[in-house]
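**Student:** Numbering (this note's numbering), first residue to last: 848 to 1308.
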Amino acid sequence: MPATRKYELDMCNGPIFSKLVSYSVPLMLTGMLQLLYNAVNIVVVGRFVGSQALAAVGSTSSLINLIITLFIGLSVGTSLVMAKYYGAQQLKDANDTVHTSIALSAAGGVVLAAVGILLARPLLALMDTPQDVLDMAAQYMRIYFICMPASMIFNFGSALLRAVGDTRRPLYYLSLSGLVNIGLNLLFVRVYRMSIAGVALATVLAQHLSMTLILICLVRSEGCVQLNWRKIRFDKGKMIEIARIGLPAGVQGIVFSLSNVLIQSSLNSFGSTVMAGNTAAANIEGFTYIAMNAFYQAMLSFTGQNMGAKKFNRIGRILGLSLLCVSVIGIVLGLVSCIFAGRLLGIYAPGNDAVIAVGITRLWYICAPYFLCGVMEVLAGSIRGMGYSVLPMLASILGVCGIRITWIYTAFALHRTLETLYLSYPVSWTLTALVHLLCFVFIWRRLSKGAAQEEALVCRN
848 MPATRKYELD MCNGPIFSKL VSYSVPLMLT GMLQLLYNAV NIVVVGRFVG SQALAAVGST
908 SSLINLIITL FIGLSVGTSL VMAKYYGAQQ LKDANDTVHT SIALSAAGGV VLAAVGILLA
968 RPLLALMDTP QDVLDMAAQY MRIYFICMPA SMIFNFGSAL LRAVGDTRRP LYYLSLSGLV
1028 NIGLNLLFVR VYRMSIAGVA LATVLAQHLS MTLILICLVR SEGCVQLNWR KIRFDKGKMI
1088 EIARIGLPAG VQGIVFSLSN VLIQSSLNSF GSTVMAGNTA AANIEGFTYI AMNAFYQAML
1148 SFTGQNMGAK KFNRIGRILG LSLLCVSVIG IVLGLVSCIF AGRLLGIYAP GNDAVIAVGI
1208 TRLWYICAPY FLCGVMEVLA GSIRGMGYSV LPMLASILGV CGIRITWIYT AFALHRTLET
1268 LYLSYPVSWT LTALVHLLCF VFIWRRLSKG AAQEEALVCR N
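#1: For M1233, does the three-state DSSP call read helix, strand or coil?
#2: Under DSSP, the alpha helix (DSSP H) around G1045 begins and ends at which residues?
#3: Quick check on DSSP: helix, strand or coil for P849?
#4: Check whether the Cβ atoms of L1056 and S1005 sit closer than 8 Å, and answer yes or no.
#5: Judging by CA-CA distance, which residue of F895, I1101 and R1016 is the nearest neighbour of I1061?
#6: I need the DSSP call for A960, collapsed to helix, strand or coil.
#7: For I1230 versus S1184, is the C-beta distance shorter than 8 Å?
#8: Is it right to say S1116 is buried, meaning 16 or more other beta carbons lie within 10 angstroms of its own, or is it exposed?
#9: Please name the residue, chosen from V891, M995 and L874, that lies closest to L1034 on a Cα-to-Cα basis.
#10: In whole angstroms, what separates the C-alpha of A1044 from that of M858?
#11: Any idea if E1069 is buried or exposed, counting beta-carbon neighbours within 10 angstroms, 16 or more meaning buried?
#12: If we ignore side chains and look at the alpha-carbon of each, how far apart do S1275 and G1249 end up?
#13: Buried or exposed, going by whether 16 or more other CB atoms sit within 10 Å of the CB of V835?
#14: How would you write the range of the alpha helix (DSSP H) that W1254 sits in, first residue to last?
#15: What is the DSSP secondary structure of F1081, counted as helix, strand or coil?
#16: Is R1161 helix, strand or coil by DSSP?
#17: Just how far apart, CA to CA, sit L837 and A950?
#18: What is the DSSP secondary structure of C859, counted as helix, strand or coil?
#19: Terminal residues of the continuous alpha helix (DSSP H) containing I919?
#20: Among N1028, M1058, R1037 and C1064, which residue has its Cα nearest to the Cα of A1047?
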């Protein structure tokens, strides 16, 4: 077996659960490592620079997500288009998707870098970022956005590998670049006293290492995932397909991020102590989210390949098993985070009881019911994997974003407490998940009816 093929996974035949788990675990570890390295950034800042610097880093996260989320959505389109062609064994189309995706990621990264560097300070000021952290936050963002081309290429390259079942090699590359990130963090902040700029610079260098590794992997691969520098171009047909699936996902992410920016602006009004506690808690929550998101990503690839292979009978089982996995993981990790909240938050802000108290409040209101977010995303992902990308976008925008924005200007306006603000999350997840479930049932019945009619026609002929 060629070296490349041993990393690929047949998602269209054989048992689903064991393959779903074997696909998801490396992806889960990849995401958790990435978050762990981000946590190291925050811990280094909180311990060696101070709570204001911690608040500065935290104040940028929702804005960074807002700026990059469109292209992250397009990477979802890349993964699903690649999975569909691979499942149907249309290998030339799959290889064209590889070259179009790399071209798109490089161009998108340059655009994002320019936007982030030029607009960092005015956008942070627009979010009512407190003056005592505004300069540090703007400096962090400007340096951070230098790595956008590298970050986008790594994300799109990883999406291409995931589409054919390879989740292990991105894990290896991220592990190495993450260790480099930690070492550079300590070097720049503790030895060279570069403060918040040192943390951002370490991230930039580590991201360029991970990009280099993923490109080498694609160039040395065999078959449909092989990258040839001379073939990198924008294929019109593949761009349209990627955009058809990825743009609605990206637009959904943008509106999600806008609602989170509004929430961040509301949090900013409470001051830097609340911002610091919120930043630490959000980082801890991220581990639960990443664990659930691994099964969401797996379900996208499994659904895409089986749609390409026209094995519609497996799609319902893929969804059911994915829902079971995200629910169990979300409940267990969410409760563990809450039970050990004090100790975990103490890592980020040792001895700062006010920051820790804010973090504990957030964890109980958001992390404990976090499994509801996983259920919502898996339902939306299954619909998207079946080729209906606009429907989950509309449901999510009206559900999650509409509810949160309405909540800020009604419930929170009447009762301005952190608890009221945080409650908008589980309420929006629950109602949106119910809408996605109704949409899935409608599409599933339509798909099953079409498959039955096609089978009857074949039998008659």
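Yeah, the Cβ is synthetic: ideal placement off N, Cα and C, and Gly gets one too.
**Tutor:** Per the coordinate set shown:
#1: In the displayed model, M1233 falls within coil according to three-state DSSP, outside both helix and strand.
#2: Bounds of the alpha helix (DSSP H) holding G1045 are S1042 to R1067.
#3: Interpretation of P849 is limited by its pLDDT of 46, a score under 50 that renders its predicted location unreliable; the figure taken from the coordinates is listed afterwards. In this structure, P849 counts as coil in the three-state DSSP scheme.
#4: It is not a contact, given that the beta carbons lie outside the stated cut-off.
#5: Selection F895, I1101 and R1016 evaluated against I1061 yields R1016 as nearest (Cα-Cα).
#6: Helix, per DSSP.
#7: With respect to the 8 Å criterion, I1230 and S1184 are not classified as neighbours on the basis of their beta carbons.
#8: Exposed is the call here.
#9: Comparing Cα-Cα distances from L1034 to each of V891, M995 and L874, the minimum goes to V891.
#10: The straight-line gap from Cα to Cα measures roughly 44 Å.
#11: Answer is exposed; the Cβ neighbour count stays below 16.
#12: Answer to the nearest angstrom: the Cα atoms are 9 Å apart.
#13: This structure does not reach residue 835, given that the chain is present from 848 up to 1308, and the question cannot be answered.
#14: Residues G1249 to Y1256.
#15: Judged by DSSP in its simplified three-state form, F1081 adopts coil rather than helix or strand.
#16: The answer is helix: DSSP assigns R1161 an H, G or I state.
#17: This structure cannot speak to residue 837, because the chain is shown only from 848 to 1308.
#18: DSSP, read as helix, strand or coil, puts C859 in coil.
#19: I919 -> alpha helix (DSSP H) spans S898 to G934.
#20: Nearest option by C-alpha distance: N1028.
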